[in-house]
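S.K.:
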Amino acid sequence: IGSWEITIPEKRIHWSEITREILKVSDDFQPQAENPLGVFYPEEAIEKMNTRMHDCIQFGIPWDEVLQVTTISGELKWIRNIGSSEVVNGQCIRLFGSLQDIDTQKRTEISEMRVKADLKASEKRYSELFHLSPLPMWVYDFETLKFLDVNETALRTYGFSRSEFLKMSIMDIRPKSEIDKVQNVINETRKSGKSIYQGSFIHQKKNGQLMHVDLKSNTIIFKSKKAKLIVVNDISERIEYFHAIEKRNERLREIAWIQSHKVRAPLAKLMGLVNMLSSKTFEDAGVTKILDYIDSSANELDSVIREVTTKSEDVDRLMTNGKENFDN
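Oh and the sequence shown: position 101 is 150 in my numbering, straight run, nothing missing.
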């Protein structure tokens, strides 16, 4: 810490050796008595310091200011300037004080403030993305699996209140059949050290309804705790649509089998009977019997066609319902 003084009214200025070192001036440097601050203080700081010096001379008010100065070599440096007055018979005869180099401390402080500001801005962006997300999202404790935060979409989707969620763990929104699967995934991801995970699970709402979800997780630090950030996409309707496609394919396989086996048999019979009639090698008594066979085969074929038609309508209905659910 350096020292300085200005005698009044002579306006003699004295700087200690340390003050000269702080401002990077030589031993023979002599500041101007008329403007002792002009060389080192920026313009905005000169006005402030002139006011402080005036108040100290006139009213005895001391000062303690943190300012940025420019050394004689052009280096910007933060300093702390403390000043007081000596008064004799009601008159100020000198100003004196100290000059401290706080550049490292101040730059560290500014850096920390910037980090805090960036962190605050980041937290604000996280909060906006989190709470305004159209997809259910939550944060849970990496160790205890307890919910730490949950967004509005998750509250609406699962039917729990915020206070209910925060008393639960991630296992409480799973059916019993999923518990072992979830625990195995947790163990595997912890063992592998992977911070990002994606998979499909079954979740259970408050009303007991099950839903298929596609889940993405990422490891984060939340309020000084290691945690997992989860984003959930409900794929229940997509799964239902896929099931409808599977049922349609099964129906189509049945139709194909019917066409290749059941339809072909009565057609073959009809063709044989027609050939017999065309040959005219039988007696009249046999014609009636042949016609009965033709009638029976025709009825059989009609029944098969009806069955094919019914199954085709079932397929169309399944596809229509599945498509509507998928689109909605």
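For each residue, glycine too, the CB sits at the ideal point set by N, CA and C.
1. Among Ile128, Gly146, Lys275, Asp283, whose alpha-carbon lies nearest the alpha-carbon of Tyr207?
2. How many Å lie between Met217 and Ile71 at the Cα?
3. So which of Asp152, Asp263, Lys277 has the shortest CA-CA distance to Leu194?
4. State the beta-bridge partners of Ser52 as determined by DSSP.
5. Report buried or exposed for Ala166, applying the criterion of at least 16 other Cβ atoms within 10 angstroms of its Cβ.
6. Taking Ser134 as the reference, give the member of Trp112, Gly123, Arg297, Thr157 with the closest Cα.
7. Would you list the one or two residues that DSSP bridges to Ala276?
8. Between which two residues does the beta strand (DSSP E) harbouring Phe209 extend?
9. For my contact list, Ser122 and Lys73 are in at a C-beta cut-off of 8 Å; report their separation, rounded to the angstrom.
10. Between the Cα of Ile55 and those of Arg143, His292, Gly132, spot the shortest distance and give me the residue it belongs to.
11. Answer yes if the region 285-301 comes into contact with the region 188-205, meaning at least three C-beta pairs across the two stretches below 8 Å, and no otherwise.
12. Look up Glu59 in the DSSP assignment and say whether it is helix, strand or coil.
13. Closer than 6 Å by C-beta to Ser52: which residues in its own chain qualify, once you throw out the five before and the five after it? Chain order, please.
14. Which stretch, first to last residue, makes up the alpha helix (DSSP H) that contains Lys230?
15. Exposed or buried, Thr68, counting other C-beta atoms within 10 Å across all chains shown (16 or more means buried)?
16. Mind checking which residues open and close the beta strand (DSSP E) that includes Ile110?
17. How would you label Met162, buried or exposed, when you count the other beta carbons within 10 angstroms and need 16 or more for buried?
18. Check Glu161 in the structure and name its three-state DSSP category.
M.R.: The short version:
1. Against the sequence shown, residue 207 aligns to sequence position 158. The residue with the shortest Cα to Cα distance from Tyr207 is Asp283.
2. Here residue 217 refers to the residue found at position 168 when the sequence shown is read from its first residue. Here residue 71 refers to the residue found at position 22 when the sequence shown is read from its first residue. Taking the straight line from one Cα to the other gives about 60 Å.
3. If you number the sequence shown from 1, residue 194 lands on position 145. Cα-wise, what sits closest to Leu194 is Lys277.
4. Counting from 1 along the sequence shown, the entry for residue 52 is found at position 3. Per DSSP, the beta-bridge partners of Ser52 are Ser147.
5. One-based indexing of the sequence shown puts residue 166 at position 117. By the 10 Å Cβ count, Ala166 comes out exposed.
6. Here residue 134 is taken as the residue at index 85 of the sequence shown, counted from 1. When only C-alpha atoms are compared, the closest one is Trp112.
7. Translated into the one-based positions of the sequence shown, residue 276 becomes position 227. Ala276 pairs with Asp190, Ile269.
8. Residue numbering aside, residue 209 sits at position 160 when the sequence shown is read from its first letter. Counting along the chain, Phe209 falls outside any beta strand (DSSP E), and DSSP gives it neither H nor E.
9. Indexing the sequence shown from 1 puts residue 122 at position 73. Indexing the sequence shown from 1 puts residue 73 at position 24. About 5 Å; that satisfies the 8 Å criterion.
10. Residue numbering aside, residue 55 sits at position 6 when the sequence shown is read from its first letter. With distances taken between Cα atoms, Ile55 lies closest to Arg143.
11. Result no; under three Cβ-Cβ pairs closer than 8 Å.
12. As a working mapping, residue 59 is identified with position 10 in the sequence shown. Coil, per DSSP.
13. Here the question's residue 52 lines up with position 3 in the sequence shown. If the five residues before and after Ser52 are omitted, its C-beta is found closer than 6 Å to the C-beta atoms of Ser65, Ser147, all from its own chain and listed in chain order.
14. For the purposes of this step, residue 230 is identified with residue 181 of the sequence shown, where counting begins at 1. Its alpha helix (DSSP H) spans residues 225-241.
15. Within the sequence shown, the letter at position 19 stands for residue 68. It counts as buried.
16. Taking the first residue of the sequence shown as 1, we reach residue 110 at position 61. It is not in any beta strand (DSSP E) - Ile110 carries neither H nor E in the DSSP assignment.
17. Locating residue 162 in the sequence shown gives position 113, where the first residue counts as 1. So Met162 ends up on the exposed side.
18. One-based indexing of the sequence shown puts residue 161 at position 112. Helix at Glu161.
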